[in-house]
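Residue numbers (our numbering): 7 to 409.
Even glycine gets a Cβ: it sits at the ideal position worked out from N, Cα and C.
Note that the structure is a prediction, hence the values are computed from the model and not measured.
Below you'll find the structure, written out as structure tokens, and then a few comments.
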């Protein structure tokens, strides 16, 4: 049967909440009146991922400390499938309900992209093995990465946009994963993340329309609507029902009529990000974080060249967890040096951000980690940086040299 879709469009956190609500309603009988506190549930997420994931679980009353499992991620911040399999197997063996597995396509700081199809196949296989009646709902936060779908049908061999080779290879690598978005049970989109669309347009796409039925409220709770439309519209299945759909139509039209032009904008953005990576790599005292991800985000760590001769080795040392006081002092010294450069430069030239968690540490024997590996980041989304050109990227090393 061909999936039927429903569209809603407020902000990113809200639309993620809508998807999460529909998941909880399917997994927990009558959650709107009975809640979920008495049911042993487990939600799977991944560390260092978008804030809405945890925010919405909190708003739904989920016991995050005891009922949320964070799945480990790899070096490029994508989900560790082996750890996911071990975790799901343990949950199903103990008869724990797993309402949702929350994935991400395009993290904010490093553009980590999870695989969706292998997760779906893993879920289906384990559900069949353990006879799980209600499968975990697979939700993908594609708020930032969604626009890569414009390249799904791009002719990479002919390369009509003449995208440079480094960027072309990165886009092609990402597209192979974004092609798997169709396997998700739902996903969220923030059209405005890459700019040139209204800032009121976010979307949640739910594959099966019937999934919203579990969220329906009793029509008598909507007595201020005319009786003949009670129970006949989407109004009983949403958290908020007073917004029009005009904003949603703009990006939807652009997605069907402006593909070539938007591809050009995106390619320009990604080439700028790669050019900045290139300039940073020439400095000799900079570690580029997850540079294989090739998204619009460039995360990096700057070291004092008098202390550090090999930034890659020093960054690897920082990721290793250690209770040793000398280790902590060295980590703090490196962070303080980079932070002093960032604050001393101010907002002159290329605009960058200080990132409190540019990477997570290695996992210990119990699967514990620390997020506090601070660094700097720069977003190269065209709508946020419409006036950025390569002169600013070239000026960045000069500004560093003057400090």
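### Spatial distance of residue 119 from residue 299 (CA atoms)
8 Å
### Query
Are the CB atoms of residue 401 and residue 115 nearer to each other than 7 Å?
no
### Query
What are the boundary residues of the beta strand (DSSP E) that includes residue 143?
Note, residue 143: beta strand (DSSP E), 143-147.
### Task
Could you tell me which residues DSSP puts in a beta bridge with residue 208?
196
### Message
Taking the alpha carbon of residue 381 as the reference point, which residue from 90, 398, 191, 338 has its own alpha carbon closest?
### Response
Nearest C-alpha to residue 381: 338.
#### Entry: Contacting residues, own chain, Cβ-Cβ under 8 Å from residue 311 (five flanking each side not counted)
In chain order, 290, 291 place their CB closer than 8 Å to the CB of residue 311, counting only its own chain and leaving out the 5 sequence neighbours on each side.
### Query
DSSP three-state call for residue 313: helix, strand or coil?
coil
### Message
Could you tell me the alpha carbon to alpha carbon distance between residue 208 and residue 332, rounded to whole angstroms?
### Response
47 Å
### Task
From the DSSP output, in three-state form, read off residue 331 for me.
DSSP places residue 331 in helix when its eight states are reduced to three.
### Query
From the DSSP output, which residues share a beta bridge with residue 80?
Answer by DSSP bridge pairing: none, since residue 80 is not bridged.
### Query
According to DSSP, which residues form a beta bridge with residue 184?
DSSP, once it has assigned bridges, lists no residue as partnering residue 184.
### Message
If you measure between the beta carbons of residue 146 and residue 190, is that distance less than 7 Å?
### Response
yes
### Query
For the beta strand (DSSP E) that contains residue 122, what are its first and last residues?
Taken as a continuous stretch (DSSP letters only), residue 122 belongs to no beta strand (DSSP E), as it is neither H nor E.
### Task
Using alpha carbons as the reference points, say which of 170, 172, 196, 192 lies closest to residue 151.
196
### Query
My guess is that residue 295 and residue 212 are in contact by the Cβ rule of under 8 Å, so how many angstroms apart are they, rounded?
No, residue 295 and residue 212 are not in contact; Cβ-Cβ is about 34 Å, not under 8 Å.
### Message
At the level of alpha carbons, what is the spacing between residue 170 and residue 89?
### Response
36 Å
### Query
For residue 346, does the count of other Cβ atoms within 10 angstroms reach 16, so buried, or fall short, so exposed?
Residue 346 comes out exposed.
### Message
Per the DSSP calculation, residue 384 is bridged to which residue(s)?
### Response
304
### Task
With DSSP collapsed to three states, give me the class of residue 75.
strand
### Task
Starting from residue 94, trace the alpha helix (DSSP H) both ways and give me its first and last residue.
87-99
### Task
Would you kindly report the start and end of the unbroken beta strand (DSSP E) that includes residue 353?
Segment: none, residue 353 is in no beta strand (DSSP E) and carries neither H nor E.
### Query
So what does DSSP say about residue 158, is it helix, strand or coil?
Residue 158 falls in the coil class under three-state DSSP.
### Residue interval of the beta strand (DSSP E) (run including residue 293)
292-295
### Message
Taking the alpha carbon of residue 141 as the reference point, which residue from 341, 98, 172 has its own alpha carbon closest?
### Response
98
### Option nearest residue 165 by Cα separation, candidates 273, 375, 83
Of the listed residues, the one whose Cα sits closest to residue 165 is 273.
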